[in-house]
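The block underneath contains the structure these notes are about, expressed in structure tokens.
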Amino acid sequence: MTISSTQSRVIYMGNGSTTLFAVPFLFLENNDLEVVLSSPDTETVQTISTDYQLSGAGHHTGGICTMTSAPAKGEHLVIRRNPSIVQEVDYVENDAFPAATHEAALDKLTMICQTLSERLDRTITFRVSSAVSGVELPEPDPGRLIAWNESGDNLINKQAGDIGMVGIPLSIGEGGTGGRDIEEALSNLGFGATGRAMATAQSSLDALALLDAEPADTTILKADIPDILQTVFGDEAQLYSGVDLLTLEVERNHILWTLEAPSFFSDVLLPFDGTYIFHVYPAGYTLNLAESYNNDGKLPLPSTSAEEIRIVVEQYNNRKSILSVQNMEA
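The C-terminal position of the sequence shown is numbered 333 in this note's numbering, with every residue numbered one higher than the one before it.
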């Protein structure tokens, strides 16, 4: 037979439902076809009998490719002829000329040529009039671009700044700072003298000195939260009585509360962010916790038989959480 068509590849768009795809060109054997499923990120060569089935090998009009799963929307199915580049016809001396076998070999040779032509059509080439030859791609080098060398006769890897693609300094409008050093960059971005000095301070003490913000009692600024609360509130605990905390005005970070009736650990107004400890003496009365407090869901229930119920509350950004509930037995 003759090979009258130059087509050796066809591409279909997936729709999530179609599984039958025409192969509109001659292929001699199933192994002469390559089926590729392409998505925006990857291309995957499909496996015959697993991912697809073929029919119509040897038919001049082509055949059918049946996919096991329909290509999804956004995917492309590529079917191309890709025969093995081997010569399998053996001519026996003194035998009659095998015209049909010879023609089949020529057909396969033509198909191989068409396959190579299809590949070459997808390559980057110089103009017909170009006198350049011997150009080679350099080895991959992450973070660099391919550019012409100084002689203009071959390709090399270069940094973007080396080929003038990124002007240095890069203007603010283009996403840069417009500066050649830290001082110039900060100034261009609108930092004043104090702001520039703060940005380049080597330690927190240097920054505080620049702000002239060192307090008389440095422990307030530099201590941990418990030390801050102790500095503000002192060591003495605050006494409280009542059936809930609605009327409590917190003046200490330790509150002693003796129950005189069934009571409710209600939401309480806390003056500062930090940790507060409530020492509750139930005296046999029940104490229920308000649901407005955040907790990990694993807190034990306050016990009426405990000598003391120790409840630790933390406030941060006006969000109150019960960190722990301890039933201290007598």
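Cβ coordinates follow ideal geometry from the N, Cα and C atoms, glycine included.
Span of the beta strand (DSSP E), counted from its first residue to its last, around residue i
| i | result |
| --- | --- |
| Ser41 | Leu36 to Ser41 |
| Gly198 | Gly198 -> not in any beta strand (DSSP E); alpha helix (DSSP H) instead, spanning Ala196 to Ala202. |
| Asn152 | No beta strand (DSSP E) contains Asn152, which DSSP labels as neither H nor E. |
| Thr5 | That residue, Thr5, is in no beta strand (DSSP E); it is neither H nor E in DSSP. |
| Ile14 | Arg12 to Met16 |
| Val283 | Gly277 to Tyr284 |
| Phe268 | Ser266 to Phe268 |
| Ser136 | Counting along the chain, Ser136 falls outside any beta strand (DSSP E), and DSSP gives it neither H nor E. |
| Asn160 | Leu158 to Lys161 |
| Glu46 | Glu46 to Val48 |
| Leu57 | Tyr55 to Ser58 |
| Gly66 | Gly66 to Met70 |
C-alpha gap between residue i and residue j, whole angstroms
| i | j | result |
| --- | --- | --- |
| Thr5 | Tyr15 | 26 Å |
| Arg199 | Ile185 | 9 Å |
| Asp44 | Ile67 | 27 Å |
| Arg12 | Glu46 | 16 Å |
| Ser327 | Leu302 | 6 Å |
| Ala240 | Pro265 | 23 Å |
| Gln51 | Pro101 | Note that residue 51 is Ile in the sequence shown, not Gln. Answer to the nearest angstrom: the Cα atoms are 32 Å apart. |
| Tyr324 | Tyr288 | This sequence places Ser at residue 324; Tyr is not what is there. The alpha-carbon atoms of Ser324 and Tyr288 are separated by roughly 23 Å. |
| Asn297 | Ala286 | 26 Å |
| Leu273 | Asn256 | 9 Å |
| Ser8 | Gly77 | 29 Å |
| Glu311 | Thr261 | 9 Å |
| Ala163 | Gly65 | 49 Å |
| Ser41 | Met70 | 14 Å |
| Asp124 | Gly193 | 54 Å |
| Val135 | Gly155 | 10 Å |
| Arg322 | Asp270 | 11 Å |
| Arg83 | Glu91 | 22 Å |
| Phe129 | Gly137 | 11 Å |
| Gly300 | Tyr55 | 53 Å |
| Glu57 | Val39 | First, the residue type needs correcting, since residue 57 is Leu and not Glu in the sequence shown. Taking the straight line from one Cα to the other gives about 14 Å. |
| Pro143 | Thr118 | 28 Å |
| Leu249 | Tyr243 | 11 Å |
| Val95 | Leu31 | 23 Å |
| Arg122 | Val89 | 18 Å |
| Phe26 | Val48 | Strictly speaking, residue 26 in this sequence is Val, with Phe absent from that position. Cα-Cα distance, rounded: 17 Å. |
| Ala107 | Ser132 | 38 Å |
| Pro305 | Gln329 | 8 Å |
| Asn113 | Gln10 | The question names Asn, but residue 113 is Thr in the sequence shown. Computed Cα separation, rounded: 12 Å. |
| Thr53 | Pro145 | 37 Å |
| Asp35 | Ile115 | 10 Å |
| Thr104 | Asn97 | 16 Å |
Run of the alpha helix (DSSP H) containing residue i, from where it starts to where it stops
| i | result |
| --- | --- |
| Asn191 | Ile185 to Asn191 |
| Thr104 | Ala102 to Asp124 |
As assigned by DSSP and simplified to three states, the class of residue i
| i | result |
| --- | --- |
| Ala75 | coil |
| Asn291 | strand |
| Asn297 | strand |
| Lys225 | At Lys225 the pLDDT is 49, less than 50, meaning the model places this residue with poor confidence and gives no usable figure here. |
| Asn320 | coil |
| Asn33 | helix |
| Ala240 | coil |
| Ala25 | strand |
| Gln205 | coil |
| Arg130 | coil |
| Ser308 | coil |
| Ile88 | coil |
| Arg255 | coil |
| Thr261 | strand |
| Asn330 | strand |
| Leu80 | strand |
Neighbourhood of residue i by C-beta distance below 8 Å, restricted to the same chain and skipping five residues each side
| i | result |
| --- | --- |
| Ile159 | Pro141, Ile149, Ala150, Trp151 and Asn152 |
| Ala73 | Gly17, Asn18, Gly19, Ser20, Thr21 and Thr22 |
| Lys225 | Below a pLDDT of 50, predicted positions are generally treated as unreliable, and Lys225, at 49, falls in that range; the measurement from the model is reported next regardless. Excluding sequence neighbours, Lys225 sits near nothing in its chain. |
| Met331 | Ala309, Glu310, Glu311, Ile312 and Arg313 |
| Glu139 | Asn157 and Leu158 |
Close beta carbons around residue i, own chain, < 7 Å, minus the five adjacent residues each side
| i | result |
| --- | --- |
| Ser161 | The question names Ser, yet the displayed sequence has Lys at residue 161. Closer than 7 Å at the Cβ level, and outside the excluded window around Lys161, lie Arg147, Leu148 and Ala150. |
| Tyr319 | Asp276 |
| Ala75 | Gly17 and Gly19 |
| Ala202 | Leu189 and Phe194 |
6 Å CB neighbourhood of residue i in its chain, flanking five on each side removed
| i | result |
| --- | --- |
| Asp110 | Ile6 |
| Asn291 | Phe267 |
| Glu254 | Gln241 |
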